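*Asks:* After the structure tokens below, expect a handful of questions from me.
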Amino acid sequence: MSGFWRFFRYGLLTIAALVAILITMPFILIGADTLYHSVVRYTHHYRLVLEIEDHGEIRTGSSVIGVSFSPPPPWFRNVFPTSKTRIRGEAVVVELSTGQVVVATLRHGYETSANTYRMRILARLALQQDDPRFFMEARNWEGSAELSGELIPSILLFESGDDPYSRQWLPPDSFREKLGPEFQFQRMTLEMTSDPVTRQITEKLPFMARDWDELKEEANAMGRGLPGRLFLRR
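Structural data, given as structure tokens:
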């Protein structure tokens, strides 16, 4: 084989190798990004406690929420930051003497303005922490604070724990109007904790153990609404 054809052959092989690298590089980076986020993770837990006055008695419910944060990988940090934040936990449930169930969800805002973003930074907002690296430092925080105003998660009322279709919004200032003068929103607090994430909502809301697609079909057939599942458990 002449030198020209040898050079031509090696050139084609080099080009093919470069093309293969260019094609596979995005998949390699995506895989590395996924692996990085699964390994490098900062997690903090906080407990939400809801107190309701029910005929002169204080009824309470609580739930431990976990928030995990993964910073952008070093190779993406200055080009395409891809930090990831994940919420785990369940809504806070309080059973009333009437059989009704009050649920503080994993979201803030009512109707179409609702979102779960504030749950990710709720500890920082409640404890008034200004550290720009708070996601990484929050696991070392201690203390508690009472939530007020827009920091209080959206609250739902169910006629019973078996009836997901009876839900209606229940802002803190509407308890007496919708439940009667014997009921009142007392307070909601956040406290930092190392306890594991709560997993017991099906004990108080049995419908959460049912197939959600089946519930959706029933809701559509009855022309009723259904709360978002991820607002109750994640």
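The sequence shown maps to residues 1 to 234 in full-length UniProt numbering.
Note that beta-carbon positions come from the ideal geometry of N, C-alpha and C, so glycine has one too.
These figures come from a predicted structure and were not determined experimentally.
1) Any idea if residue 153 is buried or exposed, counting beta-carbon neighbours within 10 angstroms, 16 or more meaning buried?
2) Would you kindly report the start and end of the unbroken alpha helix (DSSP H) that includes residue 50?
3) Please state if the CB of residue 48 and the CB of residue 123 are separated by a distance shorter than 8 Å.
4) Could you tell me which whole beta strand (DSSP E) segments of length 3 or greater appear in the stretch 91-144?
5) Does the stretch 218-227 touch the stretch 183-193, meaning 3 or more C-beta pairs lie closer than 8 Å?
6) What does DSSP give as the partner residue(s) for residue 84 in the beta ladder?
7) Quick check: the Cα distance between residue 184 and residue 216, rounded to an integer number of angstroms?
8) What is the rounded straight-line gap between the Cα of residue 142 and the Cα of residue 231?
9) Over the uninterrupted alpha helix (DSSP H) stretch that includes residue 202, give me the two end residues.
10) Threshold first: 4 residues or longer. Then list the alpha helix (DSSP H) segments lying entirely within the stretch 147-190, N to C.
11) So who's on the other strand from residue 192, going by DSSP bridges?
12) Grouping DSSP H, G and I as helix and E and B as strand, with all else coil, what is residue 14?
13) Could you give the C-beta distance for residue 45 and residue 195, rounded to a whole number, given that I count them as a contact under 8 Å?
14) Name the DSSP bridge partner or partners of residue 233?
15) Quickly, what does DSSP pair residue 59 with across the bridge? List them, please.
16) Residue 211 lies in the alpha helix (DSSP H); which residues open and close that run?
17) Would you kindly work out how many angstroms separate the C-alpha atoms of residue 197 and residue 92, rounded to a whole number?
18) Cα separation between residue 88 and residue 162?
19) Taking 6 Å as the limit between beta carbons, can you name the residues of its chain near residue 53, skipping five residues before and five after?
20) Classify residue 126 as buried or exposed, calling it buried when 16 or more other Cβ atoms lie within 10 Å of its own Cβ.
21) Where does residue 58 land, buried or exposed, given buried means 16+ other C-beta within 10 angstroms?
22) To which residues of the same chain is residue 208 closer than 6 Å at the C-beta, ignoring the five residues directly before and after it?
23) Would you mind sorting residue 132 into buried or exposed? The rule is 16 or more other CB atoms within 10 Å of its CB.
24) Measuring alpha carbon to alpha carbon, tell me which of 99, 179, 68 ends up nearest residue 297.
*Replies:* To lay it out plainly:
1) buried
2) That residue, residue 50, is in no alpha helix (DSSP H); its beta strand (DSSP E) goes 42-54.
3) no
4) 92-95, 101-104
5) Short answer: they don't touch.
6) 70
7) Taking the straight line joining both Cα atoms gives about 32 Å.
8) 26 Å
9) 201-204
10) 175-179
11) 46
12) Looking at residue 14 - three-state DSSP - the assignment turns out to be helix.
13) 6 Å
14) 90
15) 52
16) Note, residue 211: premise wrong, no alpha helix (DSSP H); not H, not E.
17) 12 Å
18) 23 Å
19) 184, 186
20) buried
21) exposed
22) Hits under 6 Å: 201, 202.
23) exposed
24) This structure cannot settle anything about residue 297, because the visible part of the chain is limited to 1 through 234.
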